[in-house]
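Heads up: the sequence shown begins at 146 in this note's numbering, then just goes up one per residue. Take a look at the structure below.
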Amino acid sequence: MKLWAWGNLLLAFLAELVALGIFAWWGWETGGTTLVRWLLALGLPLVTAIVWGRFAAPTATRTTPAARWTVKVLVFGLAGAALWSLGHPLLAVGFVVVVAVNLLIIHVQKLEPPKPA
């Protein structure tokens, strides 16, 4: 696999991690009490990671292309919306644009990470 392909797959993985971080940040900032803040800051990324692993991860075995794309669009779109609601509209737009271009490149070039043995 060429360096270009690995770079795009790495960027996709980093975007997934950033989305989880955005959800944690949003949960902390929007929660009222300290308990609710902790629950949202830990729970939102956890639920997102579970849904991602089930439907959108490259190793997800019981999913469909439609479900995979729906989850990706929802996760990254909601992460962008969360970032916007935190008062960072330029970062939100930049994040969504970078993710969209990255996903388009991965889709067009049919890039896939190597399957585990």
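By construction, the Cβ of each residue, glycine as well, lies at the ideal position given by its N, Cα and C atoms.
By a beta-carbon distance limit of 8 angstroms, isoleucine 251 does not contact alanine 160. Their separation comes to about 11 angstroms.
A direct Cα-to-Cα measurement between tryptophan 197 and lysine 217 gives close to 8 angstroms. Per DSSP, reduced to three states, the secondary structure at glycine 176 is coil, with no helix or strand assignment. Remark: C-beta atoms of leucine 256 and alanine 150 approach each other more closely than 8 angstroms. Looking at the backbone, the Cα of threonine 175 and that of leucine 187 are separated by about 13 angstroms. Assigned with DSSP and collapsed to three states, histidine 233 falls in coil, not helix or strand. Distance from the CA atom of threonine 179 to the CA atom of glycine 152, rounded to whole angstroms, is 39 angstroms. Shown here for proline 190: same chain residues with a beta carbon closer than 6 angstroms to its own, the five before and five after excluded, namely Leu165, Phe168, Ala169 in chain order.
Linking alanine 227 to glycine 177 through their CA atoms gives a straight-line distance of about 16 angstroms. Glycine 172 is positioned such that its CB atom lies no closer than 8 angstroms to that of leucine 154.
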